[in-house]
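Numbering-wise, the working numbering comes out as the position in the sequence shown, counting from 1, plus 53. Virtual Cβ for every residue (Gly too), placed ideally from N, Cα, C. The structure appears right after this line, and notes come after that.
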Amino acid sequence: MNDGSDDVLGVITEQIETRFGMSFTALRGAVERSPDANPQAAQVVYWHGMLSQAQTALDKVEDDLLAVLDTEPGPLGDLVLDLAQRVNAAVAVRDGRALIVTHLLEPHTTDHQDTGASAARRRGPALRTSPPPPAPASATPLPARGVHR
Numbered sequence: 054m055n056d057g058s059d060d061v062l063g064v065i066t067e068q069i070e071t072r073f074g075m076s077f078t079a080l081r082g083a084v085e086r087s088p089d090a091n092p093q094a095a096q097v098v099y100w101h102g103m104l105s106q107a108q109t110a111l112d113k114v115e116d117d118l119l120a121v122l123d124t125e126p127g128p129l130g131d132l133v134l135d136l137a138q139r140v141n142a143a144v145a146v147r148d149g150r151a152l153i154v155t156h157l158l159e160p161h162t163t164d165h166q167d168t169g170a171s172a173a174r175r176r177g178p179a180l181r182t183s184p185p186p187p188a189p190a191s192a193t194p195l196p197a198r199g200v201h202r
């Protein structure tokens, strides 16, 4: 199946090459020679490998699904539905790994000294981690508006 998703690996590889200013093959070789020299490059190379494995698995299960669809005319059977679910799962894995690589390629701020209003603007408000306190019970219930007793 070619829905344009085959290009995911190629597009991300191009982004890596642009980010590091060298071919991916050269980057992988540099990381293999000296993995501690650039931890970000090492992580990107690792996750690119994981992404490549996920794309290969996706390609295989898509091919399996197409083969079954070509041989099983008529209503969809359990095998077809199972393979379709495996394709969906493989796409989710591939896309998750692609997100990790693209996240690793984003510029990160390393300044941890930033506090106060600018840090709050960046992160937004904190989420409540406990339920709000119960409202105090009124001694005498108030009638609803427009209701007379």
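How is residue i classed by DSSP in three states: helix, strand or coil?
i      : result
Asn141 : helix
Asp112 : helix
Leu152 : helix
Met103 : helix
Glu85  : helix
Leu119 : helix
Ala94  : helix
Using a Cβ-Cβ cutoff of less than 8 Å, which residues in the same chain neighbour residue i once the five nearest sequence positions on both sides are dropped?
i      : result
Asn136 : In the sequence as presented, Asn is not what sits at residue 136; that position holds Leu. Val114, Asp117, Leu118 and Val121, listed in sequence order.
Arg150 : Trp100, Met103, Leu104 and Ala107
Ala170 : With a pLDDT of 48 at Ala170, under the threshold of 50, the modelled position of that residue is not reliable, and the figure given next carries that caveat. If we look at Ala170 and ignore the five residues flanking it on each side, it has no Cβ neighbours.
Let me see if you follow: with CB-CB separation under 8 Å, is residue i close to chain C or not?
i      : result
Pro128 : The structure shown contains no chain C; it holds only a single protein chain.
Could you pull out every residue in the same chain whose Cβ sits closer than 6 Å to the Cβ of residue i, ignoring the five residues on either side in sequence?
i      : result
Ala95  : Val84 and Pro88
Arg72  : Leu158
Val133 : Val121
Val61  : Ala151
Report all residues from its chain with a CB closer than 7 Å to the CB of residue i; omit the five preceding and five following residues, and keep chain order.
i      : result
Gln138 : none
Note the first and the last residue of the continuous alpha helix (DSSP H) segment covering residue i.
i     : result
Leu62 : Asp60 to Phe73
Cβ contact check for the segment 68–82 and the segment 152–161: 3 or more pairs under 8 Å: yes
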